[in-house]
Amino acid sequence: MLVKYLLATIVAGLFAGILLTPAMYVKNVPLILHAEEYENAGGEGHSHDAPAATTETVPAAVAPHEHAEEAGPELPFGRFGNTLLINLVAGAGFALITGAAALFLGRRITVQNGIYWGLAGFFIFNFAPAFSLAPELPAMPAADLATRQAWWLITVVLTAGGVYLIVLRDQIWAKLLGFVLIVAPHIYGAPEAEDLTSAVPPTLASEFAVSTLTTNLFFWVVLGTALGWAIQNYASSELEA
Amino acid sequence: MATARTSDTISLPLASRLTTAVVSLLLGVFIIYGVGLSHSETLHDTAHDTRHSYGFPCH
Chain A
16 MLVKYLLATI VAGLFAGILL TPAMYVKNVP LILHAEEYEN AGGEGHSHDA PAATTETVPA
76 AVAPHEHAEE AGPELPFGRF GNTLLINLVA GAGFALITGA AALFLGRRIT VQNGIYWGLA
136 GFFIFNFAPA FSLAPELPAM PAADLATRQA WWLITVVLTA GGVYLIVLRD QIWAKLLGFV
196 LIVAPHIYGA PEAEDLTSAV PPTLASEFAV STLTTNLFFW VVLGTALGWA IQNYASSELE
256 A
Chain B
35 MATARTSDTI SLPLASRLTT AVVSLLLGVF IIYGVGLSHS ETLHDTAHDT RHSYGFPCH
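So the sequences go chain by chain: A and B.
Residue 16 is where the first sequence starts when you use our numbering, and the numbers rise one by one after that.
Residue 35 is where the second sequence starts when you use our numbering, and the numbers rise one by one after that.
Put into structure tokens, the structure is as follows:
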């Protein structure tokens, strides 16, 4: 077992998770909070530009939402604390998966090439799924959760395979197959809500889509570079035959 | 550039890497499942903002 390698990837993941948290608070979390006002209040009492007619039509669609104003069973560290904790854990998780991929492939993540590993992770885990299943704000209309999760997961796996075939295989058939794998889930199409009426103003939704992708790009670039740095500095001796 | 090329690969044979790779992958997948996909209410509510921000299907 390459213990130093494992620890190095986890350290890099925690580091990226820490930096992700303030980045999320620049735009993503304020937009989530803003959207939740529509989720909970059904739109009244706001001085925003959304015309009353749109917000009035919504409560029916939103009412059964189990999220509204609950005192949820979340961990007791407060909203910020919970998010920081989850980002740390998620950072470690994505770092472990990336580190595992590099080990399987016999590739070394370095400070120089780390950004490419990060960009690949961003493309696989964020950009490709978001292309057909845009990041959602609370209270946005959406298809059945399990169906969307299945589509998300399949898209991530297919895209990972596609990126491998295109980037690391030289054969022309491999690159073509990789392209097919990446495009296939989008041609098939992501599950879509039947009723697209939304309580959330479209401006918020489009801002959210752009801001989350930007934040996640930042996260992955940090993670890739940090992985390269940590592995080079703490685990390179383990990787020599 | 030649030196950079060689250092991009790991000379360790696959057999010596496999255990760590499998453990690392399973651990990572388990974590991401918990953070992003699990239907556990506690996990969902704790991870709520991260799930939305990360683009996981939520709700």
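Glycine included, C-beta positions come from ideal geometry on N, C-alpha and C.
This one's a predicted model, so the numbers in the text were calculated from it and none came from an experiment.
Taking Cβ positions only, does residue i come closer than 8 Å to chain A?
i, result
"B:ALA95", "Look at the range of chain B in this structure, 35 to 93, and you will see that residue 95 of chain B is not part of it."
"B:ALA81", "yes"
"B:GLY89", "yes"
Pop quiz: residue i and residue j are said to be a contact at Cβ under 8 Å. What is the actual Cβ separation, rounded to whole angstroms?
i, j, result
"A:ALA107", "A:GLY28", "4 Å"
"A:THR125", "A:GLY243", "5 Å"
"A:ALA105", "A:GLY32", "6 Å"
"A:ILE47", "B:ALA81", "Their Cβ separation, rounded to whole angstroms, is 12 Å, which puts A:ILE47 and B:ALA81 out of contact at 8 Å."
"A:GLU151", "B:HIS86", "7 Å"
"A:LEU238", "A:GLY136", "7 Å"
"A:PRO153", "B:HIS93", "7 Å"
Are any of the Cβ atoms in chain B nearer than 8 Å to that of residue i?
i, result
"A:PRO37", "no"
"A:PHE109", "yes"
"A:PRO216", "no"
"A:ARG184", "no"
"A:PHE119", "yes"
"A:VAL26", "no"
"A:GLU89", "yes"
"A:PRO156", "no"
"A:PRO200", "no"
"A:PRO45", "no"
"A:ALA189", "no"
"A:GLU222", "no"
"A:GLU207", "no"
"A:GLY177", "no"
"A:ASN55", "no"
"A:ILE112", "yes"
"A:ALA256", "yes"
Report the rounded CA-to-CA distance for residue i versus residue j, giving the unit in angstroms.
i, j, result
"A:LYS42", "A:ILE139", "23 Å"
"A:THR24", "A:LEU111", "6 Å"
"A:LEU192", "A:VAL171", "16 Å"
"A:VAL198", "B:GLY89", "19 Å"
"A:ALA175", "A:LEU134", "12 Å"
"A:ASP185", "A:LEU196", "16 Å"
"B:THR54", "A:ALA214", "47 Å"
"A:ALA220", "A:ALA161", "22 Å"
"A:LEU90", "A:THR36", "17 Å"
"A:VAL182", "A:LYS190", "8 Å"
"B:PRO91", "A:PRO156", "12 Å"
"A:LEU120", "A:GLU51", "43 Å"
"A:VAL44", "B:ILE44", "40 Å"
"A:ALA143", "B:GLY62", "20 Å"
"A:GLY129", "A:TYR249", "15 Å"
"A:ALA149", "A:GLU209", "16 Å"
"A:THR240", "B:TYR67", "24 Å"
"B:VAL69", "A:ASN55", "24 Å"
"A:PRO206", "A:GLU255", "46 Å"
Taking all protein chains shown into account, do 16 or more other C-beta atoms lie within 10 angstroms of the C-beta of residue i, making it buried, or fewer, making it exposed?
i, result
"B:HIS73", "exposed"
"A:PHE92", "exposed"
"A:MET16", "exposed"
"B:LEU71", "buried"
"A:PRO216", "buried"
Does the beta carbon of residue i sit closer than 8 Å to a beta carbon anywhere in chain D?
i, result
"A:TYR203", "Absent from the structure is chain D; the protein chains it does hold are A and B."
Task: Under 7 Å (Cβ pairs) to chain B, residues found in the stretch 131–144 of chain A - done: Those residues of the stretch 131–144 of chain A that come within reach of chain B (Cβ to Cβ, closer than 7 Å) are ASN141 and PRO144.
- [ ] Taking only beta carbons into account, state which residues of the stretch 235–254 of chain A come closer than 7 Å to chain B, listed in chain order.
- [x] LEU254
Task: Members of the stretch 95–107 of chain A near chain B, C-beta cut-off 8 Å - done: Cβ contacts with chain B come from ASN97, THR98, LEU100, ILE101, ASN102, VAL104, ALA105 and ALA107.
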